[in-house]
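A.B. asks:
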Amino acid sequence: MKIVVAANERLYHFFSAYAPQTGCSDQAKKEFWSLLDEKTAEVPPKDVIIVAGDLNGQINGTEPARTSVFKYLGSAIASDGGLMVEVNSRVSTAWSKWCSLTGVLCDKKIPERFKSKIYRAVIRQVSMYGDEDAALDGWVTRMNRVRNEDIRQKFDVAPIADWGKEDSVRMIGLELEVSGKRPRGRPKQRWSDTLHTDMKVTDVHPD
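Spelled out as structure tokens, the structure:
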């Protein structure tokens, strides 16, 4: 039996072959090695050849019991390739961490900003370990039905538009001089006008 696996831009050719045992004739042994040489010679030189006695992983002729879920580096790998086992495992682990910290997270005397730091450093790290590059659809976050303004106000986070205004204030002195004639009608909003408006919003004085 032969299996070809593509990995790291290379092909790995796995050959499952049983060498002639003691008691076989010399003719049978010669035919076996000739056939194995013939099959391996067909593999390109840049590929990798791996010859194994049995690809089914038998021990003394007995196949070991298979498990449906295998834990590896904190991830639950299912035999059917599904992700629900992994998701349920992450939720269970995060919930266990949450329960162990309820004395702190549910204490009204502790500021919410401090609670959010604990959540980001402990609970979220446990639930999202190794999933930094996982794709998340927008509809998943919208299921929370929480307005962005409420979240920003609760945790004292400024909107991204205000961040842009603060950045523009830092660029004082880099005004652009527009060449050409002035068009008819009301003058367009200049960068300096926007700068002065942003300075008023952010309560920044020129001096």
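Counting in the UniProt record's numbering, the sequence shown runs from 1 upward without gaps. Don't be surprised by glycine CBs; every beta carbon is placed ideally from N, CA and C.
#1: Beta strand (DSSP E) containing Lys46: first to last residue?
#2: Could you tell me the distance, in whole angstroms, from the CA atom of His13 to the CA atom of Ala6?
#3: Roughly how many angstroms separate the alpha carbons of Leu35 and Ser25, rounded to a whole number?
#4: Kindly list the residues whose CB is nearer than 7 angstroms to the CB of Ser68, restricted to its own chain and excluding five residues on each side of it in sequence; keep chain order.
#5: Find out if the Cβ-Cβ distance for the pair Thr40, Ile50 is shorter than 7 angstroms.
#6: Report all residues from its chain with a CB closer than 8 angstroms to the CB of Asp47; omit the five preceding and five following residues, and keep chain order.
#7: State the Cα-Cα distance for the pair Pro111 and Ile118, rounded to the nearest angstrom.
#8: What residues match up with Thr194 in a beta bridge as DSSP calls it?
#9: Helix, strand or coil: which one does DSSP assign to Ala71?
#10: When DSSP builds the beta bridges, which residues end up paired with Ala94?
#11: Please classify Arg90: is it buried, with 16 or more other beta-carbons within 10 angstroms of its beta-carbon, or exposed?
#12: From which residue to which residue does the alpha helix (DSSP H) around Ile110 run?
#13: Among residues of its own chain, excluding the 5 on either side of Arg66, which ones have a beta-carbon nearer than 6 angstroms to its beta-carbon?
C.D. replies: By the coordinates alone:
#1: Mapped onto the sequence shown, residue 46 falls at position 46. From DSSP, Lys46 is part of no beta strand (DSSP E); its letter is neither H nor E.
#2: Taking the sequence shown and counting its residues from 1, one reaches residue 13 at position 13. Taking the sequence shown and counting its residues from 1, one reaches residue 6 at position 6. If I take the Cα positions, the gap works out to 9 angstroms.
#3: Sequence index remark: in the sequence shown, residue 35 carries index 35 (1-based). Sequence index remark: in the sequence shown, residue 25 carries index 25 (1-based). Using only the alpha carbons, I get a separation of about 16 angstroms.
#4: Counting from one through the sequence shown, the residue named residue 68 turns up at place 68. Ala78 and Ser79, listed in sequence order.
#5: Here residue 40 is taken as the residue at index 40 of the sequence shown, counted from 1. Here residue 50 is taken as the residue at index 50 of the sequence shown, counted from 1. No, the Cβ-Cβ distance between Thr40 and Ile50 is not below 7 angstroms.
#6: Counting from 1 along the sequence shown, the entry for residue 47 is found at position 47. Hits under 8 angstroms: Arg10, Leu11, Tyr12 and His13.
#7: Stepping through the sequence shown from its first residue, residue 111 is reached at position 111. Stepping through the sequence shown from its first residue, residue 118 is reached at position 118. One C-alpha to the other measures close to 11 angstroms.
#8: Along the sequence shown, one-based indexing puts residue 194 at 194. Beta-bridge pairing links Thr194 to no other residue.
#9: In the sequence shown, the residue the question calls residue 71 occupies position 71. The question names Ala, but residue 71 is Lys in the sequence shown. In the structure shown, Lys71 sits in a strand (DSSP, three-state: E or B).
#10: Position 94 of the sequence shown, counted from the start, is the residue given in the question as residue 94. Bridge partners of Ala94: none, in fact.
#11: Numbered from 1 along the sequence shown, position 90 holds the residue referred to as residue 90. The residue in question, Arg90, is buried, as its Cβ has 16 or more Cβ neighbours within 10 Å.
#12: As a position in the sequence shown, residue 110 is number 110, starting the count at 1. Looking at the DSSP string, Ile110 is not in any alpha helix (DSSP H), and its letter there is neither H nor E.
#13: Taking the sequence shown and counting its residues from 1, one reaches residue 66 at position 66. Contacts found: none.
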